[in-house]
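J.: Just so we're aligned, residue 44 is where the sequence shown starts under this note's numbering, counting upward by one.
Positions of the beta carbon are idealized from the N, C-alpha and C atoms, including for glycine.
Being a predicted model, the structure only gives us computed values, none of them experimental.
The following block contains the structure, expressed as structure tokens.
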Amino acid sequence: MDKRKHRNYLESNLLFSCNSCHCQILDQTSIISRNFQGRNGPAYLVNHVTNITVGTKEERMLLTGIHTVADIVCNQCQIKIGWKYLRALEEPQKYKEGKYIVEKSKVSKDYTSWDDHFIII
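This is the structure in structure tokens:
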């Protein structure tokens, strides 16, 4: 039995897709910051992602302190692409609550969409 979920499609020309299965994950306008660190290197802090499953919550020591987080995986291929911040213990970190870390190495620009956005002369 196939346990994959139906894909959601974003209505934007500036998309990032899963590197493994090319499922749409986020719209560029959802990116809050490009200067975050994931487990495997640089990451995006984003407001909204789609076509993901949120895993079990856990306390994790990150660079900015202890946070309650849950890993997020692509609905289609089950590759771990980052995590969701559920709770921050320190007041200066509270702005992260409800937001997502998406590792840059796990997603790529959907170039078929990006090409439509730029005018070639």
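Does the pairing of the segment 97 to 113 with the segment 49 to 59 give three or more beta-carbon distances under 8 angstroms?
T.: Flag = no, the segment 97 to 113 and the segment 49 to 59 do not touch.
J.: Can you give me the C-alpha to C-alpha distance between M104 and K149, rounded to a whole angstrom?
T.: Their Cα atoms are separated by approximately 22 angstroms.
J.: Do you know how far the Cα of L106 is from the Cα of E133?
T.: Whole-angstrom Cα-Cα distance: 12 angstroms.
J.: Tell me where the beta strand (DSSP E) around S76 begins and ends.
T.: S76 -> beta strand (DSSP E) spans I74 to G81.
J.: Under the assumption that N94 contacts Q119 (Cβ atoms under 8 angstroms), give the Cβ distance between them as a whole number of angstroms.
T.: The Cβ separation is near 7 angstroms, so the contact holds.
J.: Return the CA-CA distance between I115 and V92, expressed in angstroms with no decimal places.
T.: Straight-line Cα distance between these residues: approximately 10 angstroms.
J.: Return yes when the Cβ of I144 is within less than 9 angstroms of the Cβ of G84, no when it is not.
T.: Their beta carbons are not under 9 angstroms apart, which means G84 does not touch I144 by this criterion.
J.: Cβ of Y128 within 9 angstroms of Cβ of H110?
T.: Contact flag set, yes.
J.: Pull up the CB-CB distance for I79 and S151, whole angstroms please, since I reckon it's below 8 angstroms.
T.: Residue 79 is actually Phe in this sequence, not Ile. Not quite, the Cβ-Cβ distance comes to about 17 angstroms (not below 8 angstroms), so this is no contact.
J.: Please classify K142: does DSSP put it in a helix, a strand, or coil?
T.: Here K142 sits in coil by DSSP.
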